[in-house]
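In the numbering used here, the protein residues as written are 7 to 169. Ideal Cβ positions, reconstructed from N, Cα and C, are used throughout, including at glycine. Single-structure report; data block below.
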């Protein structure tokens with residue numbers, strides 16, 4: 007999220023810039039959000055929905071996000087969901103996942119957190135095949151496609167060092 011610099015202030019440290027947020031409709035139906043803090047993301051989202059509702063002429067119910075608790079876990083930080091068929095089913099049915107990288111990289115992050123990746127990749131492909139109606143050749147092609155993505159990522163050159 008970009009911060010909002012004052013118009014008439016000399017350049018200074020980023021910590022001097024206000025963390026207030028602005029929501030503007032820059033084109034019909036397109037809202038830009040700038041500024042804010044991580045701790046106010048729910049407020050910003052609520053305000054964007056309110057503005058979008060007004061733009062569309064909709065009467066929306068009162069937002070409940072301020073009253074809903076954030077997810078808690080037994081560990082600090084964010085952990086991926088358990089490796090289960092139900093998680094893949096949810097990703098395919100409700101989150102429009104249609105590729106292995108949709109599930110393994112973007113929806114669950116399983117690829118980043120688990121050392122036995124081959125087993126996870128193959129199991130996930132099987133579960134996706136069941137949910138999406140892939141035949142065995144489609145499943146094999148998707149496995150090959152995902153392995154090519156991983157190989158390409160591993161072939162990336164190191165970032166050049168500054169001297």
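The three-state reading of DSSP puts residue 88 in coil, since its state is none of H, G, I, E or B. Close CB contacts of residue 57 within its chain, under the 8 Å cut and outside five residues either way in sequence, are with 29, 31 and 37 (chain order). In its chain, beyond the 5 residues on either side, 7, 25, 27 and 50 have a beta carbon closer than 7 Å to the beta carbon of residue 42.
In the displayed model, residue 32 falls within a strand according to three-state DSSP. Pairing residue 94 with residue 109 gives a Cβ-Cβ distance under 8 Å. Cβ contact annotation for residue 52 (same chain, cutoff 8 Å, sequence separation greater than five): 69, 71 and 72, in chain order. The Cβ neighbour count for residue 102, taken over all protein chains shown within 10 Å, is under 16; the residue is labelled exposed.
Between residue 126 and residue 116, the beta carbon gap of about 5 Å places them in contact (Cβ cut-off 8 Å). DSSP places residue 66 outside any alpha helix (DSSP H), giving it a letter other than H or E.
Taking all protein chains shown into account, residue 131 has 16 or more neighbouring C-beta atoms within 10 Å of its C-beta and is therefore buried. When the alpha-carbon of residue 124 is set against those of 96, 67, 34 and 149, the nearest one is in 149. Residue burial is scored here from C-beta neighbours: residue 114 has at least 16 other C-beta atoms within 10 angstroms and is therefore classed as buried. When 35, 105 and 64 are compared, the shortest CA-CA separation from residue 139 is found for 105.
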